[in-house]
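K.L.:
Pasting in a structure now, in structure tokens, and then I'll have a few things to ask.
Here you go:
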């Protein structure tokens, strides 16, 4: 049965010069750079092909709109005044969770098949294009898996449920669930990124602990458990706090839901532990060392997600310009517009290539792989998230006023753009972490240098930029220059990957504009670029 088209002949005018509805898309098949990167970095294309086709359907974009427009609702009490501390979601939210978890978003990296982390990263990239808010609970569930191993008894119960590929939102204890999700609650008012300032207390009671304290930010408060930090007599320690107990609700009190700029489909809460039951992960006093395993893996997602947001924004801009004319010419045929779109595409290609290269390092088992994963994920997170708001804004501007209203997907993408740069370490925290890693782990500097040198001898401008970087900073920079240092290092690493793996037009333009200074500071301020070859890699 064919759905009748919307009416274009209205009483006062005829609707024309408007792009058609996009209909069903194939986010995998229409993305050549993604397919190239997945093949290069060892991902699993079959599952990604199905996931990309499913997410690209028009009905999923409608569901994404519903999940964003109908915000989560906090229900503290039932009709009789009994405490619930629950969050209710629109059915569209659950639809995305079911789709992502069934596809293996939280599980594929831990199932033992080659390329699991690269496949997971590609799933993050795809999901971020449609409904990024629902990525949060799935990302934390993926990242919690290795941290749970610090307590074998806890791991034996929770890890199989995390990798079951079954989404089960029912209010039940873990032993009765088909699958679980795990969140994180670390931030407190007085400390923010400085978690050593946390004051939540943990008191041992038999085989478990009781936690009392306040958490300023708890994402996905309907998760089945939370990794959290609390002080014992020995020091800051890591715990798993179950959301539901056998026959009872754990003493986790939701104070309010955060009224956030974006990420609207996902609930983020301020909570209090009032003697909540918790289980120690790792040793007392070693909480940061334990939870860093989770943080490290969430950083992979915050490094690749902006590439997905950029891809979605550029795709919308390309569709608009391909079907709209101004001044008697299609927008896509106008030289200045082509320069803008091509410049945006360079940021996207660089972010995608770098994010999936880092994901391959997460799949590796050698000391070199682990060292590159540590430094590479920080560089990717920093650069890609600094570029993402710029790219989404410029793509919005391409659409003009139509991109500024909620009928378009652009406002949602723009609101989402700052999130991954703030989550799991804002810009300064990441830059300081880069300096710490290079100072404490010589192998990280060595493997990074190997990646940079691998591209030398092909483009003299790249060679000159690399030499200039090394001359400017023969050792680590002073803290005040950490952002400059990190930006140049991430650009060099991105350029190295593009020189070795991307078409010459992409690599040439990236080096010219990002490293050699052959362009201005605003998008599209460049010349002498093979724009046609770059734009050919953006499928409508």
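Numbering (our numbering), first residue to last: 903 to 1442. The beta carbon of each residue, even a glycine, is placed where N, CA and C say it ideally should be. No experiment lies behind these values; they were computed from the predicted model shown.
Using the C-alpha atoms, what's the distance from residue 924 back to residue 1030?
P.N.:
Using only the alpha carbons, I get a separation of about 18 Å.
K.L.:
Taking C-beta to C-beta, are residue 1020 and residue 1261 nearer than 7 Å?
P.N.:
Taking 7 Å as the Cβ cut-off, residue 1020 and residue 1261 qualify as a contacting pair.
K.L.:
Out of 1427, 1302 and 1409, which one is the CA nearest neighbour of residue 1436?
P.N.:
Of the candidates 1427, 1302 and 1409, the one whose C-alpha sits nearest the C-alpha of residue 1436 is 1409.
K.L.:
Rounding to the nearest angstrom, what Cα-Cα distance links residue 1448 and residue 1014 in this structure?
P.N.:
Outside the shown range of the chain, which is 903 to 1442, sits residue 1448, and nothing can be said about it.
K.L.:
Evaluate contact between the segment 1148–1164 and the segment 1093–1108, counting only Cβ atoms and requiring at least three cross-stretch pairs below 8 Å.
P.N.:
The segment 1148–1164 is not in contact with the segment 1093–1108.
K.L.:
Compare the beta carbon distance of residue 1170 and residue 1125 with 7 Å and say whether it is the shorter of the two.
P.N.:
The answer is no: Cβ separation not under 7 Å.
K.L.:
Quick one: what does DSSP say residue 1147 is sitting in, helix, strand or coil?
P.N.:
Note: residue 1147 maps to strand in three-state DSSP.
K.L.:
For residue 1116, which of helix, strand or coil comes out of DSSP?
P.N.:
Correct three-state label for residue 1116: strand.
K.L.:
Quick check: what's the CA-CA separation for residue 976 versus residue 1176?
P.N.:
Near 19 Å, if we compare the C-alpha coordinates of residue 1176 and residue 976.
K.L.:
Might you give, ordered along the chain, the residues of its own chain that have their beta carbon closer than 6 Å to the beta carbon of residue 1441, omitting 5 neighbours on each side?
P.N.:
Answer for residue 1441: 932, listed in chain order.
K.L.:
With H, G and I counted as helix, E and B as strand and the rest as coil, what does DSSP make of residue 1084?
P.N.:
Three-state DSSP puts residue 1084 in a strand.
K.L.:
On the CB-based measure, 16 or more other CB atoms within 10 Å of its CB, does residue 964 come out buried or exposed?
P.N.:
Under this definition residue 964 is an exposed residue.
K.L.:
Cutting at 7 Å between CB atoms, please list the residues of its own chain near residue 1356, excluding the five before and the five after it.
P.N.:
The residues are 1398 and 1402.
K.L.:
Nearest CA to the CA of residue 1429: which residue from 1240, 1362 and 1118?
P.N.:
With distances taken between Cα atoms, residue 1429 lies closest to 1240.
K.L.:
Nearest to residue 974 by CA position, among 994, 1081 and 1228, is which residue?
P.N.:
Of the listed residues, the one whose Cα sits closest to residue 974 is 994.
K.L.:
Would you kindly check if the distance between the Cβ of residue 1412 and the Cβ of residue 1400 is under 7 Å?
P.N.:
The answer is yes: Cβ separation under 7 Å.
K.L.:
With DSSP collapsed to three states, give me the class of residue 1138.
P.N.:
If DSSP states are grouped into helix, strand and coil, residue 1138 belongs with the strands.
K.L.:
Hey, residue 1063 and residue 1035 are a contact pair by Cβ (cut 8 Å); roughly how many whole angstroms apart?
P.N.:
No, residue 1063 and residue 1035 are not in contact; Cβ-Cβ is about 23 Å, not under 8 Å.
K.L.:
Run through DSSP, which three-state label would residue 977 get?
P.N.:
Three-state result, residue 977: strand.
K.L.:
For the beta strand (DSSP E) that contains residue 1176, what are its first and last residues?
P.N.:
Start and end: 1170–1183.
K.L.:
Rounded to whole angstroms, what is the Cα-Cα separation between residue 1060 and residue 1131?
P.N.:
Straight-line Cα distance between these residues: approximately 19 Å.
K.L.:
Taking all protein chains shown into account, do 16 or more other C-beta atoms lie within 10 angstroms of the C-beta of residue 1200, making it buried, or fewer, making it exposed?
P.N.:
Buried, because 16 or more other Cβ atoms sit within 10 Å of the Cβ of residue 1200.
K.L.:
Over what stretch of residues does the alpha helix (DSSP H) that includes residue 1318 continue unbroken?
P.N.:
From DSSP, the alpha helix (DSSP H) with residue 1318 extends over 1312–1318.
K.L.:
Would the segment 1418–1427 count as touching the segment 912–926 if we require 3 or more Cβ pairs under 8 Å?
P.N.:
The answer is no - the segment 912–926 does not touch the segment 1418–1427, with fewer than three Cβ pairs under 8 Å.
K.L.:
Residue 1254 and residue 935 - do their beta-carbons sit closer together than 7 Å?
P.N.:
In this structure, residue 1254 lies closer than 7 Å to residue 935 by Cβ.
K.L.:
Taking 6 Å as the limit between beta carbons, can you name the residues of its chain near residue 1185, skipping five residues before and five after?
P.N.:
Taken in chain order, the list of residues that qualify is empty.
K.L.:
Might you give, ordered along the chain, the residues of its own chain that have their beta carbon closer than 6 Å to the beta carbon of residue 1271, omitting 5 neighbours on each side?
P.N.:
Only 1263 meet the Cβ criterion.
K.L.:
Using the three-state DSSP reduction, which class does residue 1413 fall into: helix, strand or coil?
P.N.:
If DSSP states are grouped into helix, strand and coil, residue 1413 belongs with the helices.
K.L.:
In three-state DSSP terms, what is residue 961?
P.N.:
Looking at residue 961 - three-state DSSP - the assignment turns out to be helix.
K.L.:
Quick check on DSSP: helix, strand or coil for residue 917?
P.N.:
Coil.
K.L.:
For residue 1128, which beta-bridge partners are listed by DSSP?
P.N.:
Partner(s): 1085 and 1143.
K.L.:
Decide if residue 1141 is buried, meaning its Cβ has at least 16 other Cβ atoms within 10 Å, or exposed.
P.N.:
Result: buried.
K.L.:
So if DSSP puts residue 1110 in a beta bridge, which residue, or which two residues, is it bridged to?
P.N.:
Answer is 1107.
K.L.:
Considering only residues of the same chain and omitting the five flanking positions on each side of residue 1192, which have a CB-CB separation below 7 Å?
P.N.:
Excluding positions up to five away in sequence, the list reads 1049, 1052, 1140, 1183 and 1184.
K.L.:
Name the DSSP bridge partner or partners of residue 989?
P.N.:
BP columns for residue 989 point to 976.
K.L.:
Which of helix, strand or coil does DSSP assign to residue 909?
P.N.:
Residue state, collapsed to three classes: coil.
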